Amino acid sequence: MAKVKETAAILSQEQLAKGIYSMWIHTEAIASQAVPGQFINIYTRDGAKLLPRPISLCEIDEEGKKLRIVYRVAGEGTREFSRCKAGEMVDILGPLGNGFPLEEGAGKKVLLIGGGIGIPPMLETARRLEGDKTIILGYRDSQTFLQEEFQALGTVFTATEDGSIGVEGNVLDAIRQENIQGEIIFACGPIPMLRGVKEYAAERNMGCLLSLEERMACGIGACLACVCQSRGIDSHSQVKNKRICKDGPVFWAEEVEL
Amino acid sequence: MAKVKETAAILSQEQLAKGIYSMWIHTEAIASQAVPGQFINIYTRDGAKLLPRPISLCEIDEEGKKLRIVYRVAGEGTREFSRCKAGEMVDILGPLGNGFPLEEGAGKKVLLIGGGIGIPPMLETARRLEGDKTIILGYRDSQTFLQEEFQALGTVFTATEDGSIGVEGNVLDAIRQENIQGEIIFACGPIPMLRGVKEYAAERNMGCLLSLEERMACGIGACLACVCQSRGIDSHSQVKNKRICKDGPVFWAEEVEL
Amino acid sequence: MINMKVNLAGVELKNPVMEASGTFGSGAEYSEFVDLNQLGAVVTKGVASIPWPGNPTPRITETWGGMLNAIGLQNPGIDVFVKRDIPFLKQFDTKIIVNVCGRTEEDYIQVVERLGDEPVDLLEINISCPNVKEGGIAFGQDPKAVEAITRACKSHAKQPIIMKLSPNVTDITVMAKAAEAGGADVISLINTITGMKIDVDRRTFALANKTGGLSGPAIKPVAVRMVYQVAQAVRLPIIGMGGIQSSEDALEFILAGASAVAVGTANFYNPYATTEVVKGIFQYMEKNQMEDIGSLVGAVR
Amino acid sequence: MINMKVNLAGVELKNPVMEASGTFGSGAEYSEFVDLNQLGAVVTKGVASIPWPGNPTPRITETWGGMLNAIGLQNPGIDVFVKRDIPFLKQFDTKIIVNVCGRTEEDYIQVVERLGDEPVDLLEINISCPNVKEGGIAFGQDPKAVEAITRACKSHAKQPIIMKLSPNVTDITVMAKAAEAGGADVISLINTITGMKIDVDRRTFALANKTGGLSGPAIKPVAVRMVYQVAQAVRLPIIGMGGIQSSEDALEFILAGASAVAVGTANFYNPYATTEVVKGIFQYMEKNQMEDIGSLVGAVR
């Protein structure tokens, strides 16, 4: 699998919720290679903002050579993306990262957990995971997104911090309250949520795969900016550091210290 | 007359010659105040290029609230402008500078001299000057522009460095060869041309107004970047320096050292 | 009730926002765009004992996210300045800070004394201009020289003095301490960072002066770092500057330890920058329910 | 016939373009994008006598036209480096420059000696990293320390040594002369400029390390100026770096006096930057009918 930088055509741009946007892009080389849990680097046009924005893949259409990203406007860079219209071009680099090891879910009762802007990568993951899937999605409030898409792929439970929709609280509150059972967890979301999920899985000896985030520069494993702490000495770094962009973003919960 | 910064709508964008573009913009406040020989600051969208690009006014439509600029792509900033399409917006500041004192030409035999990218500001100047006008335009080669517009306003003589059109040589060669006579000169162009014009006028005791250029930052007379040497002590600077953006860009030839 | 007032050595500014010397003339040109009454202070272009012609052109060139300038402190001299520029500024309800430059200690002292009886609130002593052969930065890169020129100016000044420091040093805290030891009332930083640009097509320097001072958002991280270091090193109030173009930028400097801030290069591409910064700081305090800007000064450690 | 070959202390590079240490790993990651055979040399990430874990995250943050980093020289240590990274690079027809870092003089010497029998062409001694508590910049801001560490490394090195200088000094020429006096074969500059960013909404430092090294096009004018100054001050060949993202940028450094150039931060946003610079320099020489790149070195004075 070769990483490629290409200028991709924007096919559509749509706002899903407050500050949350969805963009479909046509890419000649990247979509055909990408797997769920991977991400792409997107470059702004503004020479004042040089670093790429790493954004996870929400949907991958291999045949159609299309990628969907669902992203939050977190600053000027992502704001620029949100203003791009269909037909405009955008520079992207990918596919990046390892992605979810789908085979680990085969034949198991899988819990797919997404929190906030960690929800989008779980969509293609859910689609490609065979077997029994329970999907738990956590939002801040009623500004939800991708709900329908997930409902088409499995049983969906929703938690909102303000209780406006589904269970009041976080994804773990939902899991406990709804007494959701599973054998393995695939999760992506903010660190506090992942900590809770890791703990929950450990208590039950469940396999648990976590997709992590950290500020990145190169996105390909060279700059060592986006490291996370690993439990043991990492073979590449020779210290207790793993590169989220290259060794991850997906790790077994027990591999990493959160 | 108050300077204004506004976001103006681009009405048209057209290439006139190799590297030479023409843009019409709609401006609420600036066109109605502008006079020939003045310029506007145009701002790029790229945060890496912060300083405005000063560009002279080629045509001023007061009623229509429209301005025309004809500019050369000299770098990335002007290249960005040349790619702007009708309907897009651009930030501008103006009107800037003093402009040509048209009253000085009233009832006189006027020579209007433009060289290269110094040609555009002479167009509105020619239109607003009453009386007998002879227009001398100097280009590098056959990549000419604005010829028809000038021909509608007076007798036009053309010089090209490679001799491909009109007289071979510069505007002074054309003046001598065609034995062009006049009482006062309005000129804009590169420094070597202006030096020659100044000398030519001095020999004949002709009044001579020159529009100068220099690298600018603020464009309003505050930063003191774009000074030219004045023959005498300038009342504002108290030294032999005049601000091209504020005291100029138009000066009497005898006021300045070139 | 939001209080944006700040106190610099006994001089109360209605808000912490001023502009950086040399980017605003003496206010006249920008008064067409901004209401000077809304600024905490107006800092004039550097003024010397006699008129200075400055450097040959080109004096400026654009760089990535910034610019280089080598104006060379062109100024009309103290006589005309006192007759023309001070009366102009007195029409406005804002504080007047005069930037003082010189080639020799005597030059500085002459201007400082001349301003003693003028309606000027603070004097900013420019010992950090990188673009003049004598004086300027020569006084600003050696702690002994900084202390000496500070003491000399202070002993002749009727107004509190601000020492403007150069970032072109190994350890900015050494210079700040030297200024403090010399009797400085306030410290302002940073002046520009010496830089160079070469035109590869013409194969010449982009500036007639070869080198110039780098300013603009490109250098902001260096300025914030130095303001933070100086805030930890001395007790004096700090005027922070270097690439400020928004209220967020200004707040970075305030949180790093600056009591006031100056908008410089941004004036050249946004003539409304100063008052936009004032407004933005107010809105930030409102949003975060802060009553006193003082509580923000040096709040990040 | 265009000759782009340059000679650094007896080592001939096929062209003057390399990448800056720390922006390219040890080449493996970028070999997916660029043909390393096309580079004059590959400069490895800094390596120490033992593995270093580096700093806590966040380690980087974007700034206007640049970035701040505080990686803290995370590296796998010399043992694994020699077993894994050098053999990888030996597959390519390019020169190998190993960047050496340490906390003490002994650390540096240990790595320098260990590399003596390895197929490495040049050693770059990093005495200018602003992001480690001990070592790094501590050796790079005092001329006596620069001369001492240079002499110590030189006396134990089998390969020619490049001393990498810090821009965080009052006078870069003093440091360059100290390195020359200590026996340096080549000088490389600039390392990053110490900077800081504050998150005004969270009211915290953007980097866990508080300060970081500023790099990218934002600082290019400072780098060009220092390369020019050093070229006038010492006889040693210079590797110029600091914000190079295009062949025009590279040519600025060469015209200012650099014999070779390094592409750094640009790799992060354009993985093809290095080879694009090689190509662009060739085209510039072609366009201007130049036969030898040597004629461009220091051509602007």
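Residue numbers (this note's numbering), protein chains in the order written: chain A, 1 to 258; chain B, 1 to 258; chain C, 1 to 301; chain D, 1 to 301. C-beta: ideal position from N, C-alpha, C; glycine also. Quantities reported herein were computed from a predicted structural model and do not represent experimental measurements.
Closest Cα partner of residue i within the set the options
| i | options | result |
| --- | --- | --- |
| GLY116(D) | ARG84(D), VAL100(D), ALA157(D) and LYS144(D) | ALA157(D) |
| VAL161(A) | LEU172(A), LEU153(A), GLU103(A) and GLY154(A) | In the sequence as presented, Val is not what sits at residue 161(A); that position holds Glu. When each option's Cα is compared against that of GLU161(A), the closest is LEU172(A). |
| ALA138(C) | SER155(C), LYS164(C) and LEU122(C) | LYS164(C) |
| THR192(D) | ASP201(D), ALA181(D), LEU214(D) and THR173(D) | LEU214(D) |
| LEU236(C) | ILE2(C), LYS5(C) and ALA9(C) | ALA9(C) |
| ILE238(C) | PHE282(C), MET18(C), GLN283(C) and MET1(C) | MET18(C) |
| GLY264(C) | GLY66(C), LYS5(C), MET4(C) and TYR108(C) | GLY66(C) |
| ILE40(B) | GLY47(B), MET23(B) and ALA48(B) | MET23(B) |
| ALA29(B) | GLU199(B), GLU148(B) and ALA9(B) | ALA9(B) |
| ALA41(D) | ILE97(D), SER49(D), LEU68(D) and PRO53(D) | ILE97(D) |
| ASN15(D) | VAL277(D), ILE50(D), GLU286(D) and ARG301(D) | VAL277(D) |
| ILE149(C) | ILE78(C), MET196(C), ILE127(C) and TRP52(C) | ILE127(C) |
| GLY102(C) | MET1(C), GLY54(C), ALA260(C) and ILE172(C) | GLY54(C) |
| LEU89(C) | GLN38(C), PRO58(C), GLU147(C) and ASP201(C) | GLN38(C) |
| PRO121(A) | GLY37(A), GLU103(A), ILE25(A) and ARG204(A) | GLY37(A) |
| VAL70(A) | ASP247(A), PHE145(A) and ASP141(A) | PHE145(A) |
| GLY87(B) | THR27(B), GLY19(B) and GLY94(B) | THR27(B) |
| ARG53(A) | GLU59(A), GLU63(A), GLU62(A) and ILE42(A) | ILE42(A) |
| ILE55(B) | SER230(B), PHE81(B), GLU257(B) and PRO192(B) | PHE81(B) |
Residues of its chain near residue i, where Cβ-Cβ distance is below 8 Å and the 5 sequence neighbours each way are ignored
| i | result |
| --- | --- |
| VAL34(C) | PRO271, TYR272, THR274 and THR275 |
| VAL82(D) | ARG114, LEU115 and GLU118 |
| LYS220(C) | GLY242, GLY243, ILE244, ASP249 and GLU252 |
| ALA201(B) | ILE185, GLY207, CYS208 and ALA253 |
| GLY131(A) | GLY105, ALA106, GLY107, LYS108, LYS109 and VAL110 |
Whole-angstrom C-beta distance between residue j and residue i, which should lie under 8 Å
| i | j | result |
| --- | --- | --- |
| LEU189(D) | MET226(D) | 6 Å |
| THR23(D) | ASN168(C) | About 26 Å; that fails the 8 Å criterion. |
| SER235(B) | GLY118(B) | The Cβ separation is near 27 Å, so there is no contact. |
| LYS72(D) | ASN209(D) | The sequence as given places Gly at residue 72(D); Lys does not occur at that position. Indeed they touch by this definition, with Cβ atoms about 7 Å apart. |
| VAL338(D) | ILE78(D) | What the structure shows of chain D is the stretch from 1 to 301, and residue 338(D) is not part of that stretch, so it cannot be assessed. |
| GLY115(A) | PRO249(A) | About 14 Å separates the two Cβ atoms, so there is no contact after all. |
| ILE92(A) | LYS66(A) | That belief does not hold up - the Cβ atoms of ILE92(A) and LYS66(A) are roughly 12 Å apart, past 8 Å. |
Beta-carbon contacts of residue i that lie in its chain and below 7 Å, excluding the five residues immediately before and after
| i | result |
| --- | --- |
| PRO133(B) | Strictly speaking, residue 133(B) in this sequence is Lys, with Pro absent from that position. Closer than 7 Å at the Cβ level, and outside the excluded window around LYS133(B), lie VAL110, LEU112, ALA126, LEU153 and GLY154. |
| ALA225(A) | ARG215, MET216 and ALA217 |
| GLY25(C) | LYS45 |
| SER164(B) | ASP141 and SER142 |
| THR57(C) | ALA208 |
Cβ-based neighbour list, residue i, same chain, cut-off 6 Å, excluding 5 preceding and 5 following
| i | result |
| --- | --- |
| VAL261(B) | The structure shown does not extend to residue 261(B), since chain B is modelled only from 1 to 258, so the question has no answer here. |
| ALA266(D) | GLN245 and ALA273 |
| CYS153(D) | TYR108, VAL112, ILE125 and ILE161 |
| CYS223(A) | ALA217 |
| ALA258(C) | VAL227, ILE238 and GLY240 |
Delimiting residues of the beta strand (DSSP E) encompassing residue i
| i | result |
| --- | --- |
| SER211(A) | 207-211 |
| LEU122(D) | 122-126 |
| GLN74(D) | Neither: GLN74(D) is in no beta strand (DSSP E) and is coded neither H nor E. |
| LYS5(B) | 4-17 |
| LYS95(C) | 95-100 |
| LYS198(A) | Element bounds for LYS198(A): not the beta strand (DSSP E) but the alpha helix (DSSP H), 191-203. |
Endpoints, alpha helix (DSSP H) assigned at residue i
| i | result |
| --- | --- |
| LYS158(D) | Where LYS158(D) is concerned, there is no enclosing alpha helix (DSSP H), given that its DSSP letter is neither H nor E. |
| PHE282(D) | 273-287 |
| LEU89(C) | 86-90 |
| LYS220(D) | 220-233 |
| ALA179(C) | 172-182 |
Contacts that residue i makes with chain G (C-beta to C-beta distance below 8 Å)
| i | result |
| --- | --- |
| VAL227(B) | As a matter of chain content, chain G is missing from the structure shown, whose protein chains are A, B, C and D. |
Residue i CB to nearest heavy atom of the ligand SAH below 7 Å
| i | result |
| --- | --- |
| GLY219(B) | The model depicted lacks the ligand SAH and carries no ligand whatsoever. |
Closer than 8 Å between beta carbons: that is the criterion. Which residues of the stretch 27-57 of chain B meet it against chain C? Within the stretch 27-57 of chain B, the residues whose Cβ lies closer than 8 Å to some Cβ of chain C are TYR43, GLY47, ALA48, LYS49, LEU50, LEU51 and PRO52, listed in chain order.
Residues of the stretch 144-176 of chain C with Cβ closer than 7 Å to any Cβ of chain D, in chain order: ASN168, VAL169 and THR170
Compile a chain-ordered list of the residues in the stretch 265-281 of chain C whose CB is closer than 9 Å to at least one CB of chain B. THR265, ALA266, ASN267, PHE268, TYR269, ASN270, PRO271 and TYR272
Members of the stretch 95-128 of chain D near chain C, C-beta cut-off 8 Å: none
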